[in-house]
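Peer 1: Take the sequence shown: its position 98, counted from the start at 1, is 159 in our numbering, and no numbers get skipped.
This is the structure, below, for whatever I ask next.
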Amino acid sequence: MVQTDNKFFDDLAKLATGAAGTLHGVRQEIEGLVRQGIDRVLSGLDLVTREEFEMVKAMAAEARAQNEALEARIAALETPAKRRARAAAKPRKAAPKRTTPKNAGSAGSKSGGES
Numbered sequence: 062m063v064q065t066d067n068k069f070f071d072d073l074a075k076l077a078t079g080a081a082g083t084l085h086g087v088r089q090e091i092e093g094l095v096r097q098g099i100d101r102v103l104s105g106l107d108l109v110t111r112e113e114f115e116m117v118k119a120m121a122a123e124a125r126a127q128n129e130a131l132e133a134r135i136a137a138l139e140t141p142a143k144r145r146a147r148a149a150a151k152p153r154k155a156a157p158k159r160t161t162p163k164n165a166g167s168a169g170s171k172s173g174g175e176s
């Protein structure tokens, strides 16, 4: 009976080893099929690679920095112009007008009443 039990366990071990190998092969085949399906779906979509994304991200950061530099430059150029515009727009006080009495200027005029 000891030999029968050993043979049974040996056969069981061989069966388990064979099943494990078969399952491993099936698992690899399923993974390959799933990867192919995912690749097919992703290739149909309009996706970018990580490298392309990083390049565009760097370009956007550079453009943002240039934009900020230009905004600062424009602000520096506009400040004196705004000051000049404000100074030109301020109403200047007119010089006080001289008022002369009406009779004071008629003595030496040609139409002084002598005809």
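Using N, Cα and C, we set each Cβ at its ideal position, and we do this for glycine too.
Keep in mind that this is a model prediction, so the values were computed, not measured.
Quick one: residues in its chain with C-beta nearer than 8 Å to the C-beta of Ala-130, no 5 flanking neighbours on either side, listed in chain order?
Peer 2: The answer is none, since no qualifying residue turns up.
Peer 1: When the Cα atoms are used, what is the spatial distance from Ala-149 to Ala-136?
Peer 2: The alpha-carbon atoms of Ala-149 and Ala-136 are separated by roughly 20 Å.
Peer 1: Assign Thr-110 to one of three DSSP states: helix, strand, or coil.
Peer 2: Of the three classes helix, strand and coil, the one that applies to Thr-110 here is coil, per DSSP.
Peer 1: In this structure, how does DSSP classify Arg-145 when only helix, strand and coil are distinguished?
Peer 2: Arg-145 falls in the helix class under three-state DSSP.
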